[in-house]
Amino acid sequence: MSALPCRKDYDCSPLDPIAMEQRRRQFLRLVAASAVTSAVSGHGRAETYPSRPVRLIVGFAPGGTSDILARLIGQRLSERLGQQFIVDNRPGAGGNIGADAAVKSPPDGQTMLLINAANASNTSLYENLSFNFIRDIVPVAGIFTGPFVMVVHPSVPAKTVPEFIAYAKANSGKLNLASPGIGSTVHLCGELFKMMTGVDLVHVPVRTGAIPMLLSGELHVQFATTPQTLAHIRSGRLRAIAVTTAKRAEALSNIPTVGESVPGYEASDWYGVGAPKGTPPHIVKLLNQQISSIVAEPGISSRLMEFGGAPMIVSPDELQQIIVKDTEKWSKVVRASGAKGE
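Here the sequence shown stands for residues 111 to 452, numbered as in this note's numbering.
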């Protein structure tokens, strides 16, 4: 058989073994480089977060402090990260319905949970929870911390904590302690006060909100949140006796702390963001940096100050310590009071 003709654009000279080996190695290097480039490119795409809208679960109804803070932070996260952070209200069982939904969500960074002090107290308040909050929720970032405010209707003659204690003991069982529900942090603040002072107050839970009844004089005292009460305190419709934090609040700087008269008394109203256990650490780190930066912005910071508190800028580990400490403290109050979650 005759040989095939050689095309002019091909080198038809025979290749020696050394040249063939050099070309083979060059080809393998090109393939390897291409594979690395492809992997790096794919890894970069996988690391882009968020790649789609993120759900921010709130375990309370629209319009409350948790909902307001979630929408405030969610809007700024949407602007910063280029994807919508959508508030998903799941009210019920003191925030447990929302927490349960978060725990059962994939830990891929696409579901967040607005957390607060109620999540810590719920651990001991509810006996049959399907999750363990400390174990199953990863702390991400803080948002807000502030005091509860001990307020009374002006018909109550006491203007200081010692005066209130004396008046309550002189009228044992006649003063009503208002709250939005059994086991709420507002209720437990009152129970802690009762434990540490020995006063007898009759707890009256009002699920629709106790402030209107407090304003009318039907109820006498409440350890309320600052956003609920600041306007009424400033108008004189309610009298602030004390704040519950260890230090005086800037928004109520002339109001003493409960601890100044009842040493050791302390309770904080705090809010933050958590995520399902197993959420990638780099996402937790990114969100902590972003949320901490957001709450430090002058516009956001001043808004939080209007709520009577301050920005809560903490690391995930520091937030975990706060949760553990509150869980231990409120468990003692729950046991002593006999409170059960509704």
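Using N, Cα and C, we set each Cβ at its ideal position, and we do this for glycine too.
The structure presented is a predicted model; accordingly, all values stated were derived computationally and were not measured.
Q | Segment contact flag, the region 354-371 with the region 235-242, C-beta cutoff 8 angstroms, min 3 pairs | A | With a cut-off of 8 angstroms, the region 235-242 and the region 354-371 do not count as touching, because too few Cβ pairs lie within range.
Q | Boundaries of the beta strand (DSSP E) in which P322 is found, first to last residue | A | P322 -> not in any beta strand (DSSP E); alpha helix (DSSP H) instead, spanning I321 to S326.
Q: Specify whether the region 207-219 and the region 338-345 touch according to this definition: at least 3 beta carbon pairs, one from each stretch, less than 8 angstroms apart.
A: Flag = no, the region 207-219 and the region 338-345 do not touch.
Q: My understanding is that P366 touches V250, with C-beta atoms under 8 angstroms, so please give their C-beta distance in whole angstroms.
A: With a beta-carbon spacing of about 34 angstroms, P366 and V250 fall beyond the 8 angstroms limit used to define contacts.
Q: Identify the continuous beta strand (DSSP E) that holds Q332 and give its terminal residues.
A: V331 to T335 is the span of the beta strand (DSSP E), which, as asked, contains Q332.
Q: Just confirm the distance between the C-beta atoms of T339 and V259, as a whole number of angstroms; I'd bet it's less than 8 angstroms.
A: Contact holds; Cβ gap of about 5 angstroms.
Q: Identify every run of the beta strand (DSSP E) within the region 236-301, keeping only runs that are complete inside it and at least 3 residues long; order them along the chain.
A: Runs found: 247-262 and 286-289.
**Q.** Strand pairing of A385, partner residues [DSSP]
**A.** Answer by DSSP bridge pairing, in chain order: V248.
Q: Enumerate in chain order the residues of its own chain whose CB-to-CB distance from V434 is below 7 angstroms, with the five nearest sequence positions on each side excluded.
A: Non-local beta-carbon contacts of V434 in its own chain, meaning distances under 7 angstroms to residues more than five positions away in sequence, involve I244 in chain order.
Q. Roughly how many angstroms separate the alpha carbons of A334 and V316, rounded to a whole number?
A. Those two C-alpha atoms are separated by around 13 angstroms.
Q. What does S378 pair with, by DSSP beta-bridge criteria?
A. Answer is P257, bridged to S378.
Q. Is D310 near S289, with beta carbons less than 8 angstroms apart?
A. No, they are not a contact pair.
Q) How big is the Cα-Cα spacing for V444 and E328? A) If I take the Cα positions, the gap works out to 26 angstroms.
Q. For the 8 angstroms Cβ check, are there 3 or more pairs between the region 157-175 and the region 184-198?
A. Yes, the region 157-175 touches the region 184-198.
(Q) Quick check on M130: buried or exposed, where buried means 16 or more other Cβ atoms within 10 Å of its Cβ? (A) Low local confidence applies: a pLDDT of 44 at M130 is under 50, so the model's placement there is unreliable, with the coordinate-based value given in what follows. With fewer than 16 Cβ atoms within 10 Å of its Cβ, M130 is classed as exposed.
Q | Beta-carbon proximity list for G388, same chain, < 6 angstroms, skipping 5 on both sides | A | Contacts found: P217.
Q. Secondary structure at T233, three-state DSSP: helix, strand or coil?
A. In this structure, T233 counts as helix in the three-state DSSP scheme.
Q) Between the C-alpha atoms of V353 and Q185, what's the straight-line distance to the nearest angstrom? A) In a straight line, the C-alpha of V353 is about 31 angstroms away from that of Q185.
Q. Hey, how far is the Cα of N364 from the Cα of A341?
A. For N364 and A341, the distance between alpha carbons rounds to 16 angstroms.
**Q.** Element boundaries [alpha helix (DSSP H), containing M415]
**A.** For M415, the enclosing alpha helix (DSSP H) covers residues P408 to E416.
Q: Output the residue ranges of the beta strand (DSSP E) runs that lie fully inside the region 193-223 and measure 3 residues or longer, sorted by chain position.
A: If you keep only unbroken beta strand (DSSP E) runs of at least 3 residues inside the region 193-223, you get 195-199.
Q. Considering L166, what are the terminal residues of the beta strand (DSSP E) in which it resides?
A. Run containing L166: V164 to V168, per the beta strand (DSSP E) assignment.
(Q) Using a 10 Å radius around the Cβ and a threshold of 16 neighbouring Cβ atoms, would you call S265 buried or exposed? (A) Exposed is the call here.
(Q) Does T270 pass the burial test, meaning 16 or more other C-beta atoms within 10 Å, or should it be called exposed? (A) Classification of T270: exposed, given that the 10 Å Cβ count is below 16.
Q. Expressed to the nearest angstrom, what Euclidean distance is found between the alpha-carbon atoms of E428 and E273?
A. Their backbone Cα atoms lie some 37 angstroms apart in a straight line.
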